[in-house]
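Worksheet for the structure shown next.
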Amino acid sequence: MMMKIKDLVRRNIIDLSPYSSARDEFNSSNDFIYLDANESSYQSDLNRYPDNRHLQLTKLISSYKNIKTENLVLCNGTDELIDLVIRVFCKPAVDSIITLNPTYGMYNVSSKINDVENIKIQLDKNFQIDIDKVISEFNSKTKIIFIANPNNPTGNKFNKDDILKIIKSFKGIVFIDEAYVDYSNESFLNKIYSYNNLIISQTFSKAVGLAGIRLGVGYSNEEIIYYLKKVKSPYNINSLTEKKAIESLTKQYVDIDQVNETINERKSLELKLKELDFVSTVFPSNSNFLLIEVDDANRRYKQIIDHGIVVRNRSSVKGCENCLRITVGTPKQNKILINTLKKI
93 MMMKIKDLVR RNIIDLSPYS SARDEFNSSN DFIYLDANES SYQSDLNRYP DNRHLQLTKL
153 ISSYKNIKTE NLVLCNGTDE LIDLVIRVFC KPAVDSIITL NPTYGMYNVS SKINDVENIK
213 IQLDKNFQID IDKVISEFNS KTKIIFIANP NNPTGNKFNK DDILKIIKSF KGIVFIDEAY
273 VDYSNESFLN KIYSYNNLII SQTFSKAVGL AGIRLGVGYS NEEIIYYLKK VKSPYNINSL
333 TEKKAIESLT KQYVDIDQVN ETINERKSLE LKLKELDFVS TVFPSNSNFL LIEVDDANRR
393 YKQIIDHGIV VRNRSSVKGC ENCLRITVGT PKQNKILINT LKKI
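Written out as structure tokens, the structure reads:
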């Protein structure tokens, strides 16, 4: 059953007249003399604002993902998309979101910035969704549920049937963050045409290898994309980001060999970490990192740092006590890591 998305959107967003550029009204051409935007008229590579509609990049992503152009929006990293979704659907000091914890921290940060309550539901001991607990928290004020799949910082993917049950039963927006999807090969992207309350986010920061350009993509039905574009800032994707993204899409968007090597290195690293006396658990991962439980995370973290290796101490996160998160490096980096860990 399709939901009435408009009933979920804040009234002020529905009534909003978005910022518009004169160049949005026609197809741009190099033959025009541009005197509309008060830019410098002296030619350089970057004296003009970028295309506010990002037509070329949008078409390339559309073609690569086999998704219609009307069903995607480009954002300055996934973090911008998270903020946009909360602002479109949640009334400050009234509405709430649900997060499945431990999870990516920006869902909570964005909710606090927007004065929106975050109902935190703890994952079970296997870092899977407590589906009954989640459903019991559904109410008319709960507008969004955020699901990172595969999850960060735990690394695992969730039971597919549990996610589908949430999508079908929740009378709000289901946001699935697929930042690490290229390492798990299980995407819900094609479900946006079956469920109009579904938003999928993906990124150029992980398997694509372009974290420095800060580019995220949101996929959803045309109505939700329309509201997100109303709220987003004009020219939110800069010209340098757009150029680099276009280059990657016209050459090799994701280097499959690198992804496969990362997965193989992850499996090898998992076995070697399990051999260390101070490592009690290496949690299963469908991502490009491993979460490990150690005897004393704060002490081990300092020891690793002292040897010139930076990992992430997650021990202060509920559910990740005494845990470190380790990104899978290159074969050479992983060898140095293991040799270092054997010494401490």
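According to the working numbering, the sequence shown is numbered sequentially starting from 93. Ideal Cβ positions, reconstructed from N, Cα and C, are used throughout, including at glycine.
Asked: For the alpha helix (DSSP H) that F181 lies in, which residues bound it at each end?; Found: T170 to F181
Asked: List the residues that DSSP assigns as beta-bridge partners of V371.; Found: V386
Asked: How would you label A185, buried or exposed, when you count the other beta carbons within 10 angstroms and need 16 or more for buried?; Found: exposed
Asked: For N168 and E334, what's the separation of their Cα atoms in angstroms?; Found: 11 Å
Asked: Below 8 Å on the Cβ atoms is my guess for E357 versus P423; work out the distance and round it to an integer in Å.; Found: 6 Å
Asked: Are there 16 or more other CB atoms within 10 angstroms of the CB of R103, so buried, or fewer, so exposed?; Found: exposed
Asked: Starting from the Cα of K434, find the closest Cα among R392, N414, S407 and G421 and give me that residue.; Found: R392
Asked: Residues bridged to N416 by DSSP?; Found: Sequence inspection shows Leu at residue 416; the Asn mentioned does not correspond to that position. L416 pairs with I384 and N405.
Asked: Going by beta carbon distance, what residues of the same chain come within less than 6 Å of D175, once the five residues before and after it are set aside?; Found: S202
Asked: According to DSSP, which residues form a beta bridge with E209?; Found: S188
Asked: Start and end of the alpha helix (DSSP H) containing L166?; Found: L166 -> not in any alpha helix (DSSP H); beta strand (DSSP E) instead, spanning L164 to C167.
Asked: Rounded to whole angstroms, what's the CA-CA distance from H146 to I317? Just pull it up for me.; Found: 14 Å
Asked: What span of residues does the beta strand (DSSP E) with I316 cover, start to end?; Found: Unbroken run through I316 is the alpha helix (DSSP H), E314 to V323; no beta strand (DSSP E).
Asked: Whole angstroms is fine: what's the gap from D387's alpha carbon to F381's?; Found: 20 Å
Asked: Can you tell me whether DSSP reads K427 as helix, strand or coil?; Found: helix
Asked: Going by C-alpha distance, which of I436, K322 and R404 is nearest S109?; Found: K322
Asked: In chain order, what are the residue ranges of uninterrupted alpha helix (DSSP H) at least 4 long that sit wholly in the region 325 to 368?; Found: 331 to 342 and 348 to 366
Asked: Can you grab the Cα-Cα spacing for the pair N414 / E385, in whole Å?; Found: 6 Å
Asked: Whole angstroms are fine: how far does the CA of L192 sit from the CA of L290?; Found: 17 Å
Asked: Can the beta-carbon of V266 be found closer than 8 Å to that of I284?; Found: no
Asked: So what's L307 in DSSP terms, helix, strand or just coil?; Found: coil
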